[in-house]
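Numbered as in the numbering used here, the sequence shown ends at 468 without a single skipped number.
All residues carry an ideal CB built from backbone N, CA and C; glycine is no exception.
Okay, so here's the structure we're looking at.
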Amino acid sequence: MSNIRAIRGMNDILPDETPHWQHLEQTVSRVLSSYGYGEIRLPLVESTRLFKRSIGEVTDIVEKEMYSFDDRNGDSLTLRPEGTAGCVRAAIQQGLLGVVPQRLWYAGPMFRYERPQKGRQRQFHQVGVEAFGVATPDMDAEIILLSARIWRQLGLTDSVALQLNSIGSSSARQAYRSALVEYLQQREDALDEDSQRRLHSNPLRILDSKNPQTQALLDGAPALADFLDEESRDDFARLRELLDAAGQRYVVNARLVRGLDYYNKTVFEWVTDRLGAQGTVCAGGRYDGLVEQLGGKPTPAVGFAMGMERLVLLLLESAQAVPAGRGVDAYVVAVGEAAQREALAAVEAVRDKLG
């Protein structure tokens with residue numbers, strides 16, 4: 114009889130690996146606490162409607178990557194593919210948005226049916242950080258500077274770089290979407306297969322295509338920045354001023370978009386060139402309409418998620434020292450049954466004294 118093995122893309126984390134995870138988790142928790150963020154613990158399973166309504170029905174996640182199933186009552190449930198939607202649902206349901214700003218964070222496994230590779234698994238872990246109730250760019254700056262402090266604490270500042278963009282308001286994106294589709298439809302035969310599919314479902318995602326031919330084709334495309342509304346332009350300029358004043362380096366990436374429908378205005382990514390194709394280790398942005406979209410009162414919000422598997426890989430690649438555990442202080446050897454009884458009692462007494 115063959116052995117039962119772990120599901121493809123869902124990996125065991127072994128004792129020689131967990132110190133790196135613990136170091137990451139403890140560092141993140143310490144920094145977030147210093148910024149006034151409170152931890153919230155969320156269900157792994159949510160109503161499928163939550164993700165369809167928040168992420169968007171024509172996104173890759175909803176169309177191809179969710180683990181969904183019907184329970185015995187016939188309700189469609191989904192293993193969470195990301196954390197923001199569940200955090201917003203909890204904040205509304207539990208009345209956490211009555212007093213703002215509200216700062217929350219969470220950590221845990223997420224699930225997406227993807228092709229497993231280095232830094233990308235079907236069960237993966239994220240830390241999510243969400244700030245509710247502040248519409249101005251100073252909260253965007255806080256979120257970004259908070260993440261930068263985590264990199265400093267982990268010794269990863271030289272391993273990651275910040276990319277920024279503004280995707281504007283919903284109406285600005287709609288106008289840009291129409292212009293982009295018109296441009297690309299005239300050149301559809303030159304697009305790669307994935308971009309041809311996205312052209313008719315989620316055309317903005319073509320902007321972050323990894324296909325060199327598609328990227329070259331986009332050089333002549335309309336620019337998103339030319340379609341931004343005045344408020345989005347002003348907010349993005351103010352954010353850059355705040356980051357400049359704080360000494361935070363960044364690059365404006367005009368083709369940076371996020372794969373989730375709920376984002377507006379600021380989007381950002383922390384990227385590395387040390388992990389091959391899986392270069393994004395942290396990503397986020399503003400989602401001012403999501404709380405209302407999920408049934409709450411209008412509440413501006415901004416947040417990010419960091420991929421823990423990729424950060425652990427980056428810690429290992431960067432040869433960052435992980436604080437050593439306590440280890441073994443002494444060995445007790447007992448010979449014979451009587452000695453074994455005495456040894457067990459003695460060892461427990463010593464442990465009591467050592468705490």
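Practice item. Take V171 as the anchor and find which of V364, L373 and S431 has the nearest alpha-carbon. Key: Looking at the Cα atoms, L373 is the closest of the given residues.
Review point. With 16 other CB atoms within 10 Å as the buried threshold, where does H313 fall?
Key: A residue is called buried when at least 16 other Cβ atoms come within 10 angstroms of its Cβ; H313 does not meet this threshold and is exposed.
Point to revise | Pairwise C-alpha distance: E461 and V446 | key: Rounded to whole angstroms, V446 to E461 spans 14 Å at the Cα level.
Check your understanding: Any idea which residues DSSP pairs T191 with across the strands?
Key -> According to DSSP, which records beta bridges pairwise, T191 is partnered with E159 and S181.
Point to revise | Burial state of Q139, where buried means 16 or more other Cβ atoms lie within 10 Å | key: It is exposed - the Cβ of Q139 has fewer than 16 other Cβ atoms within 10 Å.
Practice item. Report all residues from its chain with a CB closer than 7 Å to the CB of V425; omit the five preceding and five following residues, and keep chain order. Key: H133, W134 and L137.
Point to revise | Close beta carbons around G210, own chain, < 8 Å, minus the five adjacent residues each side | key: The residue asked about is misnamed: residue 210 is Leu in this sequence, not Gly. Here the set comprises A204, F245, G246, V404, G409, K410 and T412.
**Study point:** Cα-Cα separation, G268 to S260
**Key:** About 13 Å.
Exercise for review: Please work out which residues of its chain come closer than 7 Å, Cβ to Cβ, to L192, disregarding the five sequence neighbours upstream and downstream, and give them in chain order.
Suggested key: The residues are L157, V158, Y180 and F224.
**Study point:** Identified DSSP bridge partners for H238
**Key:** Answer is P222.
Review point. Excluding five sequence neighbours on each side, which residues of the same chain lie with their C-beta closer than 7 Å to the C-beta of Q453?
Key: By the criterion of a C-beta distance shorter than 7 Å, Q453 is surrounded in its chain by A447, once the five residues flanking it on both sides are discounted.
Practice item. Assuming Q326 contacts D307 (C-beta within less than 8 Å), just tell me the rounded distance between them. Key: At roughly 12 Å, the Cβ-Cβ gap does not stay under 8 Å, so Q326 and D307 are not in contact.
Practice item. Report all residues from its chain with a CB closer than 7 Å to the CB of L341; omit the five preceding and five following residues, and keep chain order. Key: Exclusion of the five residues before and after L341 leaves S279, G281 and A285 as the residues of its chain whose Cβ lies within less than 7 Å of its Cβ.
Practice item. For S167, count neighbouring C-beta atoms within 10 Å of its own C-beta (all shown protein chains included) and say buried if the count is 16 or more, exposed if not. Key: With 16 or more other Cβ atoms within 10 Å, it is buried.
Point to revise | Among G420, E450 and R399, the one whose alpha carbon lies nearest that of V141 | key: Of G420, E450 and R399, the residue nearest in Cα terms is G420.
Exercise for review: Can you say whether P250 is buried or exposed, counting buried as having 16 or more other CB atoms within 10 angstroms of its CB?
Suggested key: Within a 10 Å sphere around the beta-carbon of P250 sit 16 or more other beta-carbons, which makes this residue buried.
Check your understanding: Buried or exposed: which applies to K323, given that a residue is buried once 16 or more other Cβ atoms fall within 10 Å of its Cβ?
Key -> Taking every protein chain shown into account, the CB of K323 has fewer than 16 other CB atoms within 10 angstroms, so this residue is exposed.
Check your understanding: Do the CB positions of L317 and R300 come within less than 8 Å of each other?
Key -> Taking 8 Å as the Cβ cut-off, L317 and R300 do not qualify as a contacting pair.
**Study point:** Whole-angstrom distance between A336 and G241, CA atom to CA atom
**Key:** Spanning the two alpha carbons is a distance of roughly 30 Å.
Check your understanding: Which value, in whole angstroms, describes the spacing of the CA atoms of K177 and R464?
Key -> Here the C-alpha atom of K177 lies approximately 52 Å from the C-alpha atom of R464.
**Study point:** Local Cβ density within 10 Å of R228, reported as buried at 16 or more and exposed below that
**Key:** Classification for R228: exposed.
**Study point:** Rounded separation between D173 and Q215 - CA only
**Key:** Rounded to whole angstroms, the gap between the alpha carbons of D173 and Q215 is 30 Å.
**Study point:** N- and C-terminal bounds of the alpha helix (DSSP H) containing L355
**Key:** Its alpha helix (DSSP H) spans residues E343 to A358.
Check your understanding: Which residue's Cα is closest to the Cα of N186: G169, V175 and S160?
Key -> N186 has its Cα closest to that of S160, out of G169, V175 and S160.
Check your understanding: In terms of residues, what are the limits of the beta strand (DSSP E) holding E176?
Key -> Premise fails: E176 is in no beta strand (DSSP E) and is neither H nor E.
Exercise for review: Use the C-beta contact count for L275: other C-beta atoms within 10 angstroms, 16 or more gives buried, fewer gives exposed.
Suggested key: Classification of L275: buried, given that the 10 Å Cβ count is 16 or more.
**Study point:** T140 in three-state terms, based on DSSP
**Key:** Helix.
Practice item. Give the DSSP-derived three-state secondary structure of Q215 in the structure shown. Key: Note: Q215 maps to strand in three-state DSSP.
Check your understanding: For L427, which three-state DSSP category applies?
Key -> Under the three-state reduction of DSSP, L427 is assigned to helix.
**Study point:** Straight-line gap, L155 to A303 (C-alpha atoms, nearest Å)
**Key:** The straight-line gap from Cα to Cα measures roughly 44 Å.
Review point. Which whole-angstrom value describes the C-beta separation of V394 and V273, a residue pair presumed to lie in contact below a C-beta threshold of 8 Å?
Key: Yes, they are in contact, since the Cβ atoms of V394 and V273 sit about 6 Å apart, within 8 Å.
Exercise for review: Express the C-alpha separation of V144 and L217 in angstroms, rounding to a whole number.
Suggested key: V144 has its alpha-carbon roughly 13 Å from the corresponding atom of L217.
Check your understanding: Based on the DSSP secondary-structure assignment, which residues constitute the bridge partners of C395?
Key -> Answer by DSSP bridge pairing, in chain order: W383 and M419.
Practice item. Please say whether K231 and Q391 have beta carbons closer to each other than 8 Å? Key: In this structure, Q391 sits near K231, with a CB-CB distance shorter than 8 Å.
Review point. Any idea if K466 is buried or exposed, counting beta-carbon neighbours within 10 angstroms, 16 or more meaning buried?
Key: Counting the other Cβ atoms within 10 Å of the Cβ of K466 gives fewer than 16, which makes it exposed.
Review point. Counting along the chain, where does the alpha helix (DSSP H) carrying S282 start and finish?
Key: In the DSSP assignment, S282 falls outside any alpha helix (DSSP H), carrying neither H nor E.
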